[in-house]
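Using my numbering, the first residue of the sequence shown is number 55, and each one after it goes up by one.
Each residue gets a CB set at the ideal place from its N, CA and C atoms; glycine is no exception.
Keep in mind that this is a model prediction, so the values were computed, not measured.
Heads up: the structure comes next, in structure tokens.
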Amino acid sequence: MAAIPLNKMAIVTQNMKIIDSHLHLFDLARGNYQWLQPSNPPHWPDKDKIFRSFSESDLALESGYQLAGFVHIEAGFDNHQPWREIEWLEQCCQLPFRAIAYLDLTLPLPEFRAQLNKLKSYHSVHGVRDIFDERAASILAISDIAEKFKLLEQAALSFELQMSFEQRLEVTAFVELLALCPKLQIQINHAGFPPIAERGSMLASSWYQGLKLISQLPNTFVKCSGWEMANRTYDIQWPIEVIDLCLALFGENRVLLASNFPLTLFSKSYPEYWQQLLTELSHRYPQTLVTKLAYKNSQQCYSIPSANAHPERTNR
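The following block contains the structure:
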């Protein structure tokens, strides 16, 4: 598909508020970020593009778009003392935001409880994440995993689920686990890593069946992002189809848009990402729905305060 000129995109979605529900900021001088080191996995050939510090100043959008807040997802700042990342964010961020902290699900229960209690004392912390991915089966087999998720529920913290929903057995086991903590809020990262396929093939996939299963739980939300992780040169119509399928399963109030910044830079700039995505969605859906996807759903899901009480951010 031919690229839409940036000035044309801005016309379609003028004055659009955005809450980016999944991004990462780095401070290489203060954090560890072992996964970012060139000698450590993942061994992406283009990892050097993100091997630097990133702050709020890198989140500027073009005129006509306003970043009204964001959700910061743990980025390996210090996995042994995850509260250090939260302290850094609360010191340096000016926009309204919520933080998802790292919390190791394999910790002995007393240590897990102690770290959980410390993390929930920070006003910005909304939830925690420990990436499942290929570890999903082993994490779900931990003897005290149910007790740990019940502690999250009791603490009123959410859990960010990052795994491929092609792992049908693990998705089913996770849904069974959630039956023990029905009030726990779950956010599915990167739409569960959908296959790059035509709509019919996606509908027949294990990914879709897994999403269909978990979507029946009212406290689950799906965040649509991370396209560049599957294909650096993805066609914009693929995410549009994925978002459409997510809307069919979760409804218009439980689907959130996000960027996965700075990994978006593997494919395009931050302002280009949002302009292209929102322009395409505005051609397909009423503006009220696009506003929900880009702003309102994230604001409500993560209880993000209005940006009106904060200094206005200057866009480019």
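Are the CB atoms of residue i and residue j nearer to each other than 7 Å?
i, j, result
"Phe108", "Leu90", "no"
"Leu163", "Ile193", "no"
"Asp132", "Asn94", "no"
"Lys277", "Gln241", "yes"
"Leu265", "Leu303", "yes"
"Trp261", "Pro249", "yes"
"Ser352", "Leu310", "yes"
"Gly229", "Ile196", "The displayed chain sequence assigns Val, not Gly, to residue 229. Going by C-beta atoms, Val229 is not nearer than 7 Å to Ile196."
"Trp137", "Leu173", "yes"
Would you mind sorting residue i into buried or exposed? The rule is 16 or more other CB atoms within 10 Å of its CB.
i, result
"Leu234", "exposed"
"Pro59", "Here the model assigns Pro59 a pLDDT of 44, short of 50, so the residue's position is not dependable and the matter cannot be decided."
"Pro150", "buried"
"Gly246", "buried"
"Gly181", "buried"
"Ala64", "Any answer about Ala64 is weak, because its pLDDT of 39 lies below 50 and its placement is not dependable; what the coordinates show is given next. When all chains shown are included, Ala64 counts as buried."
"Thr274", "buried"
"Cys146", "exposed"
"Asn239", "Just to set this straight, residue 239 is Gln in the shown sequence, not Asn. That one is buried."
"Gln208", "exposed"
"Lys237", "exposed"
"Ser357", "exposed"
"Ala129", "buried"
Return the residue from the list the options that minimises the CA-CA distance to residue i.
i, options, result
"Val344", "Ile297, Ala153 and Phe124", "Ile297"
"Tyr324", "Gly280, Gln135, Arg189 and Leu303", "Gly280"
"Arg308", "Gln216, Gln270 and Cys146", "Gln270"
"Ser313", "Ala210, Glu326 and Val179", "Glu326"
"Ala155", "Glu214, Glu110, Phe186 and Ala210", "Glu214"
"Ser117", "Met70, Ile140 and Gln148", "Met70"
"Leu79", "Pro92, Tyr119, Leu115 and Glu139", "Glu139"
"Leu206", "Leu231, Met217 and Ser218", "Leu231"
"Gln263", "Asn285, Glu165, Leu223 and Ser175", "Leu223"
"Asn285", "Lys202, Leu317, Ser259 and Leu257", "Leu317"
"Tyr176", "Leu211, Lys202, Phe203 and Glu201", "Leu211"
"Lys202", "Leu299, Met217, Lys350 and Leu161", "Leu161"
"Arg253", "Pro92, Met217, Ser218 and Leu299", "Leu299"
Residue i to residue j, Cα distance in whole Å?
i, j, result
"Leu143", "Ile72", "20 Å"
"Ala191", "Leu331", "34 Å"
"His97", "Gln88", "12 Å"
"Leu335", "Glu295", "10 Å"
"Leu290", "Asp112", "The amino acid at residue 290 is misidentified as Leu; the sequence shows Ile. Approximately 23 Å, taken between the alpha carbons."
"Gly305", "Asp100", "36 Å"
"Thr342", "Met283", "29 Å"
"Trp328", "Asn243", "18 Å"
"Val179", "Ser360", "17 Å"
"Ile185", "His134", "15 Å"
"Phe124", "Ile199", "29 Å"
"Arg338", "Leu170", "42 Å"
"Leu319", "Lys103", "7 Å"
"Cys355", "Leu115", "23 Å"
"Ala57", "Arg167", "Here Ala57 scores only 44 on pLDDT, less than 50, and its place in the model is too uncertain to base an answer on."
"Ser75", "Arg152", "9 Å"
"Thr333", "Trp292", "14 Å"
"Ala227", "Glu141", "34 Å"
"Pro340", "Tyr119", "17 Å"
"Lys350", "Phe219", "26 Å"
Would you please state the rounded distance, in angstroms, between the beta carbons of residue i and residue j? I believe it to be under 8 Å.
i, j, result
"Phe315", "Leu77", "4 Å"
"Arg183", "Ile127", "6 Å"
"Ser321", "Tyr288", "7 Å"
"Gln148", "Glu188", "Incorrect: roughly 37 Å between the Cβ atoms, too far for contact."
Indicate, with yes or no, if the ligand GTP has a heavy atom lying under 6 Å from the CB of residue i.
i, result
"Ala361", "Although the ligand GTP was asked about, the structure shown includes no ligands whatsoever."
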